[in-house]
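Heads up: the sequence lines are chains A and B, in that order.
Basically this note's numbering = 1-based index in the first sequence + 174.
Basically this note's numbering = 1-based index in the second sequence + 174.
There are 2 protein chains.
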Amino acid sequence: MTNQIPPIQRVLIVGGTHGNELTGAYIVKKLEQQPAQVRRATFETITLLANPEAFATVRRYVDKDLNRCFHQLDLQDLICSSYEQIRAREINSLFGADGKTPADVIIDLHSTTANMGLTMITDENPFNFRLVAYLQSVNPLVKVYILPKSAQESSGLPSICELGCTIEVGPVAQGVLQAEQFQQTEALIDTALNYLEHHNRGVISSFDNALTVYRHVGTIDYPRNELGEIQAMIHPQIQFKDYEPLHPGDPIFLTFGGKAIAYEGTSTVYPVFINEAAYYEKGIAMCITMKQQVTVSIGRSLRRLASFS
Amino acid sequence: MTNQIPPIQRVLIVGGTHGNELTGAYIVKKLEQQPAQVRRATFETITLLANPEAFATVRRYVDKDLNRCFHQLDLQDLICSSYEQIRAREINSLFGADGKTPADVIIDLHSTTANMGLTMITDENPFNFRLVAYLQSVNPLVKVYILPKSAQESSGLPSICELGCTIEVGPVAQGVLQAEQFQQTEALIDTALNYLEHHNRGVISSFDNALTVYRHVGTIDYPRNELGEIQAMIHPQIQFKDYEPLHPGDPIFLTFGGKAIAYEGTSTVYPVFINEAAYYEKGIAMCITMKQQVTVSIGRSLRRLASFS
Numbered sequence: 175m176t177n178q179i180p181p182i183q184r185v186l187i188v189g190g191t192h193g194n195e196l197t198g199a200y201i202v203k204k205l206e207q208q209p210a211q212v213r214r215a216t217f218e219t220i221t222l223l224a225n226p227e228a229f230a231t232v233r234r235y236v237d238k239d240l241n242r243c244f245h246q247l248d249l250q251d252l253i254c255s256s257y258e259q260i261r262a263r264e265i266n267s268l269f270g271a272d273g274k275t276p277a278d279v280i281i282d283l284h285s286t287t288a289n290m291g292l293t294m295i296t297d298e299n300p301f302n303f304r305l306v307a308y309l310q311s312v313n314p315l316v317k318v319y320i321l322p323k324s325a326q327e328s329s330g331l332p333s334i335c336e337l338g339c340t341i342e343v344g345p346v347a348q349g350v351l352q353a354e355q356f357q358q359t360e361a362l363i364d365t366a367l368n369y370l371e372h373h374n375r376g377v378i379s380s381f382d383n384a385l386t387v388y389r390h391v392g393t394i395d396y397p398r399n400e401l402g403e404i405q406a407m408i409h410p411q412i413q414f415k416d417y418e419p420l421h422p423g424d425p426i427f428l429t430f431g432g433k434a435i436a437y438e439g440t441s442t443v444y445p446v447f448i449n450e451a452a453y454y455e456k457g458i459a460m461c462i463t464m465k466q467q468v469t470v471s472i473g474r475s476l477r478r479l480a481s482f483s
Numbered sequence: 175m176t177n178q179i180p181p182i183q184r185v186l187i188v189g190g191t192h193g194n195e196l197t198g199a200y201i202v203k204k205l206e207q208q209p210a211q212v213r214r215a216t217f218e219t220i221t222l223l224a225n226p227e228a229f230a231t232v233r234r235y236v237d238k239d240l241n242r243c244f245h246q247l248d249l250q251d252l253i254c255s256s257y258e259q260i261r262a263r264e265i266n267s268l269f270g271a272d273g274k275t276p277a278d279v280i281i282d283l284h285s286t287t288a289n290m291g292l293t294m295i296t297d298e299n300p301f302n303f304r305l306v307a308y309l310q311s312v313n314p315l316v317k318v319y320i321l322p323k324s325a326q327e328s329s330g331l332p333s334i335c336e337l338g339c340t341i342e343v344g345p346v347a348q349g350v351l352q353a354e355q356f357q358q359t360e361a362l363i364d365t366a367l368n369y370l371e372h373h374n375r376g377v378i379s380s381f382d383n384a385l386t387v388y389r390h391v392g393t394i395d396y397p398r399n400e401l402g403e404i405q406a407m408i409h410p411q412i413q414f415k416d417y418e419p420l421h422p423g424d425p426i427f428l429t430f431g432g433k434a435i436a437y438e439g440t441s442t443v444y445p446v447f448i449n450e451a452a453y454y455e456k457g458i459a460m461c462i463t464m465k466q467q468v469t470v471s472i473g474r475s476l477r478r479l480a481s482f483s
């Protein structure tokens, strides 16, 4: 299967897709000054500060969430004229499959107010599965959140490339740099680039990794009134408890009057993006995942590939 | 000394002075629906969502930080026409000393991305000292941050009233509601209103409280280049270590290249507002305080009043 992916020629590291997520933006600004840190012998690494206007004003976006502007239909619609829609077309014309300097791999750097630690968000591409299995074998704290392309509706920036993925690090407040998460993200980028270098050289060591993944199955919104105003907060028992089991009947919200609201699902799930600041306006209090074990074989025994239970 | 302050007639509870500090804004929205929670027999309690436009767009401010718009000179300058300057004049014309319904006490509700727990910010008014001593006697976790009127330059919203004070709760990310901090803030408001009620009734129990206060002495900015861009992050050793001692030579910053920068002061200080998101643009990486013990006597023995060492 590795042979299906020819050697990687160009990797794009993106920060500041959301202008108030400073971790990625400042990593990209650092790499602009110190490109040797991400230089590898077998491929080119380039960097991009994706939304400079939003970064300058420390806001997620100016007109529209840039990370929802990459639908193929929108990219082809030249009438769309918000700042982010124009910027999305520019980025696609540079790094998309038909762009001037198409990227084979995109790593998009984000941060979240949720306690998601160091998370890789990817689709089900087998190449990405091997990549994240490698990352988790190097750093067992790396969490893997599987967001099928249908769920993303392919509108995120990494979707302009077959092998796009996203790093989420948290909890980090919007508009804040935290050194620990900055360095964790840098280390994860470094490991990912090493994997791509090994791939190109055909020197990936053989190993089986029992990978734990969290597969996106849906979202839960806050209780709201008829005006759309939220009527409850994340329950303190699950605040910062991303990736921990939520059982039917467990409290998930607390009304302003102090009354607990229980999770009404029928099975145990694993919420992520709990209390992400940017998702209040999107109608998302948390995303719901199923925890799954996957065996990913890398190297010699490549016949047993990623398979969901 | 208590006799110098006549009975409190009107208390104003303010939220949403900064539109992305949701704790206070949602407490005020709740109190608009449930005013009985803050009703007391001897005074009127009113609430104010101070910056509704900023709250609607979940930003700190629209044009200008509202909590820096209350300089007396600015309030008298009718040419100032930014949204927040107009709003400041409206608020002052309602609740200022010469307003339609002047407030005797203002409690302004804020949150911070720094780990400041439950902090009361006040000037050195003896009445406020007795109030915070009472609050700390009820909840020993309450921290007291003394910001002399000169340091504030009297431009904050609470400065339109002699007995204004600010509640800061954190760490809470901008744009996020956290139930624990919401309830802690509500409880602190409740205790403060109880104190004011006791004051009006003359039934404050006699007690001496050895109050710990943190007195503002200055600020430290991030290392920056000639363009004003920051060149280092808060050092992980002091991230979330508000109110803890910082000794000369201790690391305070970490460059993007991983080099520690030491605190160069000559004495031990106690930083607060460490890595507050909104202070990057103000040139403040942290505020520096001195820790002091003060004995505040309340009730019968009122002759020994707040005295700084």
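Quick reminder that beta carbons are idealized off the backbone N, C-alpha and C, glycines included.
Contact of Val-346/A with chain B is assigned, a C-beta pair being separated by under 9 Å. With respect to chain B, the C-beta atom of Lys-203/A has a partner C-beta closer than 9 Å.
For the stretch 434-464 of chain A, residues whose beta-carbon sits nearer than 9 Å to a beta-carbon of chain B comprise Asn-449, Glu-450, Ala-451, Ala-452, Tyr-454, Glu-455.
Contact between Asn-368/A and Phe-217/A is absent: CB atoms are separated by about 12 Å, not below the 8 Å threshold. Rounded to the nearest angstrom, the Cβ distance from Glu-418/B to Tyr-444/B is 7 Å, consistent with a contact under 8 Å. Sequence-distant partners of Lys-274/A (beyond 5 residues in either direction) whose C-beta falls short of 6 Å from its own C-beta, in its chain, are Leu-268. Taken in chain order, the unbroken stretches of beta strand (DSSP E) that lie wholly in the stretch 421-452 of chain B and span 3 residues or more are 425-429, 434-436, 444-446. Assignment of Thr-219/A by DSSP, reduced to helix, strand and coil, places it in the strand class. Bounds of the alpha helix (DSSP H) holding Val-312/A are 300-312. Chain-ordered listing is empty here: chain A has no CB closer than 8 Å to the CB of Gln-405/B, the nearest sitting near 10 Å.
For Ala-384/B, the enclosing beta strand (DSSP E) has its first and last residue at 381-394. For Leu-351/B, there is no enclosing beta strand (DSSP E), as DSSP marks it with neither H nor E. Tyr-319/B has Ile-295/B, Tyr-388/B as its beta-bridge partners, per DSSP. Under the three-state reduction of DSSP, Thr-469/A is assigned to strand. Listed in chain order, the non-local C-beta contacts of Tyr-200/A below 8 Å within the same chain comprise Gly-189, Leu-351, Phe-356, local neighbours out to five positions each way being set aside.
The same chain holds no residue with a CB closer than 6 Å to that of Asn-313/A once the five nearest residues on each side in sequence are set aside.
Closest in C-alpha terms to Asn-399/A, from the list Gly-457/A, Phe-447/A, Val-279/A, Ile-472/A, comes Gly-457/A. Of all residues in the stretch 354-367 of chain A, only Glu-354, Phe-356, Gln-357 place a beta-carbon less than 8 Å from a beta-carbon of chain B.
With a 10 Å radius around the Cβ and a threshold of 16 neighbouring Cβ atoms, Ser-285/A comes out buried. Residue state for Val-185/A is assigned as strand, using DSSP reduced to three classes.
For the stretch 378-410 of chain A, the residues whose beta carbon sits under 7 Å from a beta carbon of chain B are, in order, Met-407, Ile-408, His-409, Pro-410. Gln-207/A and Arg-213/B have their C-alpha atoms roughly 59 Å apart. For Tyr-200/A, a Cβ of chain B is located within less than 9 Å of the residue's own Cβ.
Annotated three-state conformation of Thr-359/B is helix, per DSSP. Only residues of its own chain outside the window of five on either side were considered, and among them Gly-193, Tyr-235, Val-236 have a CB closer than 6 Å to the CB of Ala-228/A, listed in chain order.
The Cβ atoms of Thr-469/B and Asn-383/B sit closer than 9 Å to each other. For Asp-248/A, the enclosing alpha helix (DSSP H) has its first and last residue at 246-250. Straight across, the Cα-Cα distance linking Phe-303/A with Ala-277/A is about 19 Å. For Ala-277/B, there is no enclosing beta strand (DSSP E), since its DSSP letter is neither H nor E.
The C-beta of Leu-268/A comes no closer than 9 Å to any C-beta of chain B.
DSSP places Leu-401/A in the coil class of the three-state scheme, outside both helix and strand. Counting only Cβ-Cβ distances below 7 Å, Phe-430/A has contacts in chain B at Tyr-200, Lys-204, in chain order.
Looking from the CA of Ile-378/B, the closest CA among Leu-309/B, Phe-414/B, Gln-259/B belongs to Leu-309/B. Counting every other CB atom within 10 Å of its CB across the protein chains shown gives Pro-345/A a total of 16 or more, marking it as buried. C-alpha of Pro-332/B to C-alpha of Asp-297/B: approximately 10 Å in a straight line. In this structure, Gln-348/B sits near Ala-452/B, with a CB-CB distance shorter than 9 Å.
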